[in-house]
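Protein chains in written order, with this note's numbering: chain A, -8 to 395; chain B, -8 to 395.
C-beta atoms are modelled at their ideal positions from N, C-alpha and C, and glycine is treated no differently.
Structure record follows, encoded as structure tokens.
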């Protein structure tokens, strides 16, 4: 009899956002009259910008004519997109990254789930706590986690790096072995960013200890302050120790369009094994390229018009972020994030548990957020709200919270 | 120091089609005047059908308006697409498959590469020989292959099922343990189909021995003869032993649009572990849904207009297939396939090695095909041509082959 991958059974419960969706659906069924404001899952609400829509229509037309039809795309992405990414996102910031170090994909979630395939089965991974669940879940499925301890809420072979109020939500360098270190800045879920000097310490640590940093910069476009690196390659030595993941989901509202990319520098090696060459082989064997139409949409994000339009969208979301952050503070809440990211990370009132606060807020204010505990044990007592709603709904949510 | 996944080093050379692309590019550089006809990689050439183009334009417009904008799609696909698939591809053929057993994806290559994640690390896999490289390569990367033996061209922990002229290109039931059996019919690369009675023997074997069949039906739309099953679920008992993979790449020319799906029946279990539930979890954690625009394109494939238009495209490719098959036979070649599939599988003349024939054909006729040996040792001495070119080029290729 065939046997299944037994590591799946170690995963506690279902995927976080699936649980939330289910709870909200149940509440809605019990209270059909309720008008729910969703500030839970990090999904955008503004439509795709006009310049990008135009580029997609053009690409659709090309697909409908024999002379311009495109079949299989290169697995690593079309040159037209890789080049504009290398130039705008890296070279323009002084990062020496070339087009052949960029691998276009259908989004950072897939990449952040798949990237662990490059590493040995016994690698020790280190994650921030709280953390985006995909890093942990994909390593659990691959058998690197050890056993789950329900009491601590932790896997016994994973190194957890707590990020709480006490350390300004910045992890401390691991004291134990950590082969693969996942960092996400600006952070999901805390919304806090990391300064360049602080990030340089991680790069130095990784080079010294032979660790690889998986740097998830999905929220880079929301950085508003100086001194916050947009890419880990702004740090010296990062090309020998870091992979960077990027997403168009939050930058240009592509959550339903699906586009992202990974940067794997050619200098990143373990002995003779080049991670760039391995990922090229992995994608060549298990991925079949990002849709042509979507890659043209991505290209349009960098056009003068597209670039201006997505900046305006981000500014609108950041207005929401400021409104929620300051509104909550005005109501006496302790809240973080919201300055260099679209997430507000608030302390639950009176030490309420995260999931209790979720139920409380859903019931009393019809507002959906994400319980901090869903991101890891150190998220207990915290709660994430997103700035991705409309301005009107952000105000309305605040108003309802004020009336509780 | 971090360590890489050492299984990658076991993969011999690069991905087959990458090697071919490189060889052709080199030839083209050395002979810039040559006009090369590409009948190698199975990529389509006809543009996307008008009804599908229209549906995509409509979906693009929806993405550009706040009222109709769609963010994250359900990871398992939108209901509108899953339902039309269940109805048309399965229920209409008497297969009791429901929408919640269908998981929409960005293509069968990803699914066929990822599906092995559901099984235990020590599972023994069985593959036809010759075979589509992804089944083997994804299991090599996951550590199930054992060592590669350069002399035999085989991995020592994989069960190979030769498909050659002697057995009518149909594999024999394995005599040794085989937990996961990959079958592809109509077959890539041989182009041969399997009859329903013959396939029933595999389903019975799998149920009896506790094996799972991964049934790749990517070329189902090319079946022209009666008595050839379009789905493995036409066989009794398949729901307790088989996963089916489907693609829109060849059915509707979606190689650059990217759409496919997997069928995992709820009855398919190992003890309490439901493979349907595990894949739901896997996709929820590591996949972020197929683009909305692409799912609407898929829906249009089933509309009366779309359905008629893609049938016409397939008829055009099958006219090429018949022309190439009969043309080669007329020239004295022994050739197979081409009746229920877009692939023609020919024996190289005078026992020439596959790669020698590749070079010979490229040089003497400027025609690119795929060396049979690239699909496995039993493909040695064979060569694959595809019917996906234009009719004009199919004739021209034949004419050039005739003049060699």
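- Interface with chain A (8 Å Cβ-Cβ cutoff): residue 302 of chain B is excluded.
- Taking 8 Å as the cut-off between beta carbons, none of the residues of the segment 356 to 382 of chain B comes near chain A.
- One finds 109, 110, 111, 261, 264, 266, 269 in chain B with Cβ atoms closer than 8 Å to the Cβ of residue -5 of chain A, taken in chain order.
- Residue 377 of chain B: not part of any alpha helix (DSSP H); member of the beta strand (DSSP E) spanning 373 to 377, first to last residue.
- Excluding residues up to 5 positions away in sequence, 30, 31, 349, 352, 374, 375, 376 lie with their Cβ nearer than 7 Å to the Cβ of residue 360 of chain B in the same chain.
- Burial is judged here by how many other beta carbons sit within 10 angstroms of a residue's own beta carbon; residue 25 of chain A has fewer than 16 and is exposed.
- In the DSSP annotation of this structure, the continuous segment of the beta strand (DSSP E) that includes residue 117 of chain A starts and ends at 116 to 120.
- The three-state reading of DSSP puts residue 302 of chain A in helix, counting H, G and I together.
- Interface flag for residue -1 of chain A against chain B is set, since a Cβ pair is found closer than 8 Å.
- Taking the beta carbon of residue 170 of chain B as reference, the chain A residues within 9 Å of it are -8, -7, -6, listed in sequence order.
- As DSSP reads the structure, residue 336 of chain A sits in a beta bridge with A:327, A:375.
- Residue 333 of chain A does not reach chain B, its nearest Cβ partner there being about 13 Å away, counting only Cβ pairs nearer than 9 Å.
- Between the alpha carbons of residue 173 of chain B and residue 231 of chain B lies a distance of about 16 Å.
- Residues of chain B whose Cβ lies closer than 8 Å to the Cβ of residue 273 of chain A are, in chain order, -1, 132.
- Nearest to residue 163 of chain A by alpha-carbon distance, out of A:291, A:23, A:332, A:193, is A:193.
- The beta strand (DSSP E) runs lying completely inside the segment 226 to 288 of chain B and spanning 3 residues or more are 233 to 238, 251 to 254, given in chain order.
- Note on the segment 15 to 89 of chain A: whole alpha helix (DSSP H) runs with a minimum of 4 residues are 41 to 54, 70 to 76, in chain order.
- By the Cβ-count criterion, residue 152 of chain B is buried, with 16 or more other Cβ atoms from all chains shown falling within 10 Å of its own Cβ.
- Counting only Cβ-Cβ distances below 8 Å, residue 54 of chain A has contacts in chain B at 38, 39, 44, 47, 247, 248, in chain order.
- DSSP places residue 153 of chain B in the uninterrupted beta strand (DSSP E) bounded by 150 to 153.
- Using a 10 angstroms sphere on the CB of residue 105 of chain B, the tally of other CB atoms reaches 16 or more, which defines it as buried.
- Across the segment 274 to 288 of chain A, CB contacts with chain B closer than 8 Å involve 275, 276, 277, 278, 279, 280, 281, 282, 283, 284, 285, in sequence order along the chain.
- Excluding the 5 residues flanking it on each side, residue 388 of chain A has same chain C-beta neighbours closer than 8 Å at 28, 30, 315, 356, 358, 376, 380, in chain order.
- Shown here, residue 206 of chain B sits in a strand according to DSSP, grouped into three states.
- Here DSSP, grouped into helix, strand and coil, assigns residue 362 of chain B to strand.
- In this structure, residue 96 of chain A sits near residue 252 of chain A, with a CB-CB distance shorter than 8 Å.
- Nearest CB-CB separation between residue 229 of chain B and chain A: not below the 8 Å threshold.
- By the Cβ neighbour-count rule, residue 305 of chain B is buried, with 16 or more other Cβ atoms within 10 Å of its own.
- For residue 125 of chain A, no beta strand (DSSP E) encloses it; the enclosing alpha helix (DSSP H) starts and ends at 124 to 132.
- Taking the Cα of residue 145 of chain B as reference, the smallest distance to any Cα among B:59, B:265, B:111, B:128 is reached at B:128.
- Between residue 287 of chain B and residue 47 of chain B, the C-beta spacing is below 8 Å.
- For residue 298 of chain A, the nearest beta carbon of chain B is not closer than 8 Å to its own beta carbon.
- Under the Cβ criterion of 8 Å, residue 174 of chain A is not counted among the residues facing chain B.
- The three-state secondary structure of residue 394 of chain B, taken from DSSP, is helix.
- In this structure, residue 242 of chain B lies away from residue 285 of chain B, with their beta-carbon atoms at least 8 Å apart.
- At a cut-off of 8 Å between beta carbons, residue 2 of chain A contacts chain B.
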